[in-house]
Amino acid sequence: MDIGVGTGLLTYDLYEEGAKIVGIDFSEEMIEKAKDKMPDGAFFLHDINQGIPEDMCNMRFDFIVSSYAIHHIDDESKLNLINSAKEILREGGMIIIADIAFQTEDDLKKCKTTYMDDWDVGEYYIISEKLCNEINKRGLRCDYKQISNCAGVLVVY
Ligand SMILES: C[S@@+](CC[C@H](N)C(=O)[O-])C[C@H]1O[C@@H](n2cnc3c(N)ncnc32)[C@H](O)[C@@H]1O
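Residue 135 in the working numbering sits at position 131 of the sequence shown; the count goes up by one each step and never skips.
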């Protein structure tokens, strides 16, 4: 499953390898583009502020992925989304999230100061130590890797 699938940039290669793809997005235009690229995929028009669509509660996934989508929702909604995603993850599966992200609040502040003119104040970037702590409190395991000065990959399992 690809959360915030967009045009399918992240999952298209997996689709080509034979993976069954399910995508979620709240943009009809994006869903149409993803469907064009991955006609055998299943797509849900849905706002991830509401967690995972209820229609998906009986589905099970080996991997749930997301790239550059969850910075559009606040931390509480991120946690709600991750919790509801974990419920439909198969035993041994993983949730893998790549996004704009920082290890600490200080790292975010430094980046914000450097890129003040380009900073989008309407977005909610991951602070991994904070988010992982909350994820752990909910009984889930979480690893984080910083991959550049402003992006990282979060793995929940
Ligand atoms: C920057 S694009 C990334 C698309 C794709 N994952 C990629 O890496 O190319 C962000 C995507 O998240 C979707 N999105 C943003 N907020 C959303 C929300 N609240 N619910 C569902 N989808 C959302 C947008 O419509 C868009 O397709």
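Glycine included, every Cβ here is placed at the ideal spot set by N, Cα and C.
Asked, Found
"Tyr128, DSSP secondary structure in three states", "coil"
"Tyr72 CB to nearest heavy atom of ligand 1 below 7 angstroms", "yes"
"Residues that Gly27 bridges to, as DSSP identifies them", "Asp6, Phe47"
"Val157 and Ala102 closer than 8 angstroms at C-beta", "yes"
"Contact test: Ser31 Cβ vs ligand 1 heavy atom, cutoff 7 angstroms", "yes"
"Simplified DSSP state of Ile101, which is helix, strand or coil", "strand"
"Counted within 10 angstroms of its Cβ, other Cβ atoms place Lys149 as buried (16 or more) or exposed", "exposed"
"Per DSSP, cross-strand counterpart(s) of Tyr161", "Answer is none; Tyr161 lacks a bridge partner."
"Sequence-distant residues of the same chain with beta carbon closer than 8 angstroms to Tyr16, five excluded per side", "Lys41, Met42"
"Contacts around Cys136, its chain only, beta-carbon distance under 7 angstroms, and the 5 residues preceding and following it disregarded", "Cys146, Tyr148"
"Between the CA atoms of Val159 and Asn87 - distance to the nearest angstrom", "13 angstroms"
"Residue span of the beta strand (DSSP E) that contains Ser71, given as start and end", "65-71"
"Endpoints, the beta strand (DSSP E) within which Cys115 is located", "First-last for Cys115: 109-118, but that is the alpha helix (DSSP H), not the beta strand (DSSP E)."
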